[in-house]
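Asker: Numbering (the numbering used here), first residue to last: -2 to 242. Below: one structure in structure tokens.
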């Protein structure tokens, strides 16, 4: 029986000679596909570029810095809480009285004796004070006329301490304009306005806590009645509080 050369295999049966998987074809540029993206994982074989470990000294310095920063923060927090509880306040100074005798201003010179009574007050209810190196200076229009020093003293909580002081000037030189200004004040108002400055180191004490602070007190325009026809006079008005700086 002769077989039909144009006959085809029946549907549903595998082709007797299947084609093998085609080999990869080169791309148009002559390189295999994905040649630019398929890299093997990088391995560093150069010992000079190996990651360096921090030295023990650097680690120690870093830990010391962290500990020191934490200590400062803790110290600041303790100080803040202490100041919040203790609430230290600057002392107060008042002029109770000021009188002058043998006062004369002429020929660019000033002579006089000023008797002063001060009152120091501690406004703190939890801290005592210690005053050291207390200096008193008397001025006229920012020019110093006389000065004196008071002895150091203690002051308890909410305590008040009066102090008497004497300031003397014997022929202290003044500019001619200032001497003329003093004469004009005495002729027009029958008084002269002086300025008083008190400087002191003040130590605040609260248990074992000590804090030293330099405080300046200024009493400006303290009028003393001394007319041109007299060489003595007293402070006009009542006690006056000095301003603390």
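In this text, a Cβ means the ideal position worked out from N, Cα and C, and glycines have one as well. Since the model is a prediction, treat every value here as computed from it, not as a measurement.
1) Does the distance from the CB of residue 194 to the CB of residue 159 come in under 7 Å?
2) Output the residue ranges of the alpha helix (DSSP H) runs that lie fully inside the segment 129 to 210 and measure 4 residues or longer, sorted by chain position.
3) Return the chain-ordered list of same chain residues with a C-beta closer than 8 Å to the C-beta of residue 233, the five sequence neighbours on each side being excluded.
4) Below 7 Å between beta carbons: does that hold for residue 154 and residue 197?
5) Starting from residue 102, follow its DSSP beta bridges and name the residues at the other end.
6) Write down the C-beta distance between residue 69 and residue 111 rounded to the nearest angstrom, noting that I regard them as a contact closer than 8 Å.
7) Taking DSSP as the reference, what is the three-state secondary structure of residue 73?
8) Whole angstroms is fine: what's the gap from residue 95's alpha carbon to residue 66's?
9) Would you call residue 50 buried or exposed, if buried means 16 or more other Cβ atoms sit within 10 Å of its Cβ?
10) Do the CB positions of residue 227 and residue 99 come within less than 7 Å of each other?
11) By Cβ distance below 7 Å, which residues in the same chain neighbour residue 237 in space, the five residues on each side in sequence not counted?
12) With a threshold of 8 Å, are at least 3 pairs of Cβ atoms found where one atom belongs to the segment 117 to 136 and the other to the segment 170 to 183?
13) Can you name, in chain order, every residue of its own chain whose Cβ lies under 6 Å from the Cβ of residue 146, other than the five neighbours on each side?
14) Would you list the one or two residues that DSSP bridges to residue 237?
15) In three-state terms, what does DSSP make of residue 84?
16) Measure the C-alpha to C-alpha separation of residue 174 and residue 76 and round it to an integer number of angstroms.
17) Under 6 Å Cβ to Cβ from residue 243, same chain only, skipping five residues before and after it: list those, please.
18) Which residue's Cα is closest to the Cα of residue 144: 169, 55, 52?
19) In chain order, what residues of the same chain lie with their CB nearer than 7 Å to the CB of residue 209, ignoring the 5 residues before and after it?
20) Which residues in the same chain as residue 86 place their Cβ atom closer than 6 Å to its Cβ, once the five residues preceding and following it in sequence are excluded?
21) Leaving out five residues before and five after residue 166 in sequence, what residues of the same chain have Cβ atoms less than 7 Å from its Cβ?
22) Look at the alpha carbon of residue 204 and the alpha carbon of residue 123, and state the distance between them as a whole number of angstroms.
23) Along the chain, where does the beta strand (DSSP E) containing residue 232 start, and where does it finish?
Answerer: Inspection of the coordinates gives the following:
1) no
2) 173 to 185
3) 188, 220, 221, 222
4) Result no, Cβ atoms of residue 154 and residue 197 do not sit closer than 7 Å.
5) 107
6) That pair is no contact at about 49 Å.
7) helix
8) 53 Å
9) exposed
10) The answer is no: Cβ separation not under 7 Å.
11) 91, 92, 216, 219
12) Here the segment 117 to 136 does not lie against the segment 170 to 183, with fewer than 3 beta-carbon pairs under 8 Å apart.
13) Excluding residues within five positions, the ones whose Cβ falls inside 6 Å are 132.
14) 92
15) coil
16) 51 Å
17) Given that the chain is displayed from residue -2 to residue 242, the structure contains no residue 243 and the question cannot be resolved.
18) 169
19) Excluding positions up to five away in sequence, the list reads 198, 200.
20) 120, 121
21) By the criterion of a C-beta distance shorter than 7 Å, residue 166 is surrounded in its chain by 107, 108, 109, 142, 143, once the five residues flanking it on both sides are discounted.
22) 9 Å
23) 230 to 232
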